[in-house]
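The next block holds one structure in the form of structure tokens; read it before the comments.
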Amino acid sequence: MSLVAFTAVATITLLLCVMTGPDRDDLDEFYTGYRSLSPMRNGLAIAGDYVSAATVLGTGGVIALFGHDGVVLALSTVLSLMLLMFLLAEPLRNAGRFTMGDALARRMPGRAVRITACVTTLAALLPLMLVQLAGTGDLLAFILGFSGDSLKTGVVIGLGTLMIGYAAIGGMKGTALIQILKIVMLLGSGAVIAVLLLHRFDWDPGALLGTAADNSGVGQGFLHSGLQFADGPHPELDMISAQLTVVLGGACLPHVTMRMYTAGSAREVRRSLSWAVPSVALFVPVITVVGFGATALIGREVIAGADPQGNTAYLLGSRAAFGTDVSTTETLIFTTVTTALFLTLLASVAGMILACANSLAHDVFATRAKSPTPHGEMAVARISAVAVGGLAIALATLVQNRSLQPLVTLSFCLGASALAPALVYSLFWRRYTRTGLLWTLIGGSLSVIIVMTGTNLVSGSPNAAFPEADFNWFPFTTTGLVTIPLGFALGWLGTVTSGHDRTEEQRRRYEAVEGVILAGAARADTTGTDTARKETVGRETARRGH
-1 MSLVAFTAVA
9 TITLLLCVMT
19 GPDRDDLDEF
29 YTGYRSLSPM
39 RNGLAIAGDY
49 VSAATVLGTG
59 GVIALFGHDG
69 VVLALSTVLS
79 LMLLMFLLAE
89 PLRNAGRFTM
99 GDALARRMPG
109 RAVRITACVT
119 TLAALLPLML
129 VQLAGTGDLL
139 AFILGFSGDS
149 LKTGVVIGLG
159 TLMIGYAAIG
169 GMKGTALIQI
179 LKIVMLLGSG
189 AVIAVLLLHR
199 FDWDPGALLG
209 TAADNSGVGQ
219 GFLHSGLQFA
229 DGPHPELDMI
239 SAQLTVVLGG
249 ACLPHVTMRM
259 YTAGSAREVR
269 RSLSWAVPSV
279 ALFVPVITVV
289 GFGATALIGR
299 EVIAGADPQG
309 NTAYLLGSRA
319 AFGTDVSTTE
329 TLIFTTVTTA
339 LFLTLLASVA
349 GMILACANSL
359 AHDVFATRAK
369 SPTPHGEMAV
379 ARISAVAVGG
389 LAIALATLVQ
399 NRSLQPLVTL
409 SFCLGASALA
419 PALVYSLFWR
429 RYTRTGLLWT
439 LIGGSLSVII
449 VMTGTNLVSG
459 SPNAAFPEAD
469 FNWFPFTTTG
479 LVTIPLGFAL
489 GWLGTVTSGH
499 DRTEEQRRRY
509 EAVEGVILAG
519 AARADTTGTD
529 TARKETVGRE
539 TARRGH
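Taking this note's numbering, the leading residue of the sequence shown gets -1, the next gets one more, and so forth.
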């Protein structure tokens, strides 16, 4: 039944992408869907982009294996979206048009800024794409009951090709539709499973938690902080570093921030996020109940045996909710759960491919000395989607048999250490200069990559990416405690060393657009993209008149 459901969902969603995708060479339609989504639909699409397969499977696994620490991680994801809502969403929408490069180049136009923003976007999203593509093979192998590596590789290639089709054909509006369908199915099926699990424990959450603690093998420590990082030298600081990385990194990842540009006004951004935040917040109790239910009914040892990272805990908990005798209705419910996870994988990677392709086309190709036509830029965006997706598929087949946790951590660390300082400074600091921006993006990214190689996620532990090696020299699991302050410090240092004349020039530039960025006082585009838009409208008007 799962295989039939997967095939039906893949066919229907691809058809929807074809039907809703752009039907002419209009950049606004491809990049933003004409900003025509209602706040509710845009908010659900934001929630869909934010709740990736890595979030569902990874966070569910941490809850099932480490109890309290996993719940804190899930709450940190909600806090991250609230940070985006209250601090960055409106200025981002006001400063940018299509990509993060637009927002960063609002005050500091130039090809170097846009190319650096594009490279950072690719560096932050490619690891997440690898995790979810590689996880696709393992997930379907677990659900459908096969174990051959060649079959897993075939699944990765086939589904990766489908994800490329979503991004290249559907554009922003098509992928938004898939995200909406995904979040509705995920929340609906998850809520049903959570209700069934609570029913198994006579609607007593205390009994659920107590049984989970008894079957965890660590007793009441399962319900207290510190279990996840207990093997490290500084578990409390390691926990703070992980939370800080998730909160700042999740809010600034490009595939999430690009959804801000699909809102027609600052008011619609606020209304969109007023739908997105409750949707993600609703998922926290759902995944908490399913994670604890998996430990309570199956046991922590069995979950770790199936997958050391616990990525199958969500499915194991869902299956355990039905007991031994499974009715036809329960089989349909479980099929809905697996289909929702399958759609989550497809939609998450499609959104990331689209963000990378948009940045390559708009920030790199469209900023050449000779401006391209809208048709040329859209063609490059679609070619870029194929190129990025093809690279992700090739790399995913190489890493699918290794631990993928370092890649997830790398993406969030890059978002927190490079993109978060760059956005905060660009949107709010008047003296911020081009040199400071480049130092933030380049220095923050390099520091994360260098420090990440020394964590126990890469080597020095049984669950590391390279368990046979040991070049572990960094005392924390995530780099955030060191690289986040360093990213902000590099931006400040690059700015103050730019000289008084340069900082005063940037201050005047910021004051000229301050009303636009902070209050949306005007939508005049200083990057030159308004001209291209007017030319597009003129051509379309002339064509219709003819």
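Backbone N, C-alpha and C define an ideal beta-carbon position, used for all residues, glycine too. Keep in mind it's a predicted model, so treat the numbers as computed, not measured.
For Val384, the enclosing alpha helix (DSSP H) starts and ends at Pro372 to Val397. In this model, Leu184 and Gly58 are separated by some 13 Å (Cα to Cα). Judged by their CB atoms, Ala72 and Val386 are not nearer to each other than the 8 Å cut-off.
Per DSSP, Ala302 is one residue of the alpha helix (DSSP H) stretching across Arg298 to Ala304. At the C-beta level, Ala210 and Phe290 come within 8 Å of one another. Under the three-state reduction of DSSP, Ser496 is assigned to coil, being neither helix nor strand. Within the segment 182 to 260, the complete alpha helix (DSSP H) runs of at least 4 residues fall at 203 to 212, 233 to 250 and 252 to 255. Burial check for Thr159: the Cβ neighbour count within 10 Å stays below 16, so the residue is exposed.
Nearest in C-alpha terms to Gly169, of all of His222, Thr30 and Arg39, is Thr30.
Ile440: not part of any alpha helix (DSSP H); DSSP gives it neither H nor E. Following the DSSP letters along the chain, one finds Met98 inside the alpha helix (DSSP H) bounded by residues Met98 to Ala103. Rounded to the nearest angstrom, the Cβ distance from Ser409 to Pro125 is 5 Å, consistent with a contact under 8 Å. Secondary structure at Ser148: helix, using DSSP grouped into helix, strand and coil. The residues Gly99, Leu102, Ala103, Arg432, Leu435 and Leu436, in chain order, have a CB closer than 8 Å to that of Val111 in the same chain once the five nearest residues on each side in sequence are set aside. About 11 Å separates the beta carbons of Asn461 and Thr475, which is beyond the 8 Å limit, so they are not a contact pair.
Distance from Gly315 to Ala292 at the Cβ level is roughly 3 Å; contact confirmed, criterion being Cβ atoms closer than 8 Å.
Close CB contacts of Val287 within its chain, under the 6 Å cut and outside five residues either way in sequence, are with Ala192 and Leu195 (chain order).
The beta carbon of Leu439 lies closer than 6 Å to those of Thr114, Thr118, Ala416 and Ala420 in the same chain, with the five residues before and after it left out. Val60 sits away from Gly303, with the two beta carbons spaced by 8 Å or more. Taking C-beta separations shorter than 7 Å and ignoring five residues to either side along the sequence, the partners of Met106 in its chain run Arg432 and Leu435, following chain order. Just measuring C-alpha positions, the residue of Gly441, Trp427, Ile515 and Ala394 sitting nearest Ala132 is Ala394. With fewer than 16 other Cβ atoms inside 10 Å of its own Cβ, Ala510 counts as exposed. Within the same chain, Cβ atoms closer than 7 Å to the Cβ of Thr243 are found at Phe410, Cys411, Ala414, Thr476 and Gly478, the five residues on either side in sequence being excluded.
Across the structure, Ser401 and Ser459 are spaced so that their CA atoms are roughly 11 Å apart. Between the segment 251 to 269 and the segment 360 to 378 there are fewer than three inter-stretch CB-CB distances shorter than 8 Å, so the stretches are not counted as touching. Per DSSP, the unbroken alpha helix (DSSP H) holding Tyr312 starts and ends at Ala311 to Ala318. By the criterion of a C-beta distance shorter than 6 Å, Phe4 is surrounded in its chain by Phe340, once the five residues flanking it on both sides are discounted. Judged by DSSP in its simplified three-state form, Ser401 adopts coil rather than helix or strand.
Each of Ile141, Met161, Ala165 and Thr134 was checked against the Cα of Lys150, and the nearest Cα belongs to Thr134. Ranked by Cα distance from Phe332, the options Ile141, Ser277, Ser36 and His498 are led by Ile141. When only Cα atoms are considered, Leu516 and Arg317 end up about 49 Å apart. Under the rule that a run must span 4 or more residues, the alpha helix (DSSP H) segments found entirely inside the segment 19 to 74 read 25 to 30, 37 to 48 and 58 to 64.
If you ignore the 5 residues before and after Val69, its C-beta comes within less than 7 Å of the C-beta of Ile61 and Thr286, all in its own chain and listed in chain order.
Around the CB of Phe469, fewer than 16 other CB atoms lie within 10 Å, so the residue is classed as exposed. The continuous alpha helix (DSSP H) containing Asn356 extends over residues Thr326 to Ser357.
For the pair Arg428 and Ile351, the Cα-to-Cα distance works out to about 33 Å.
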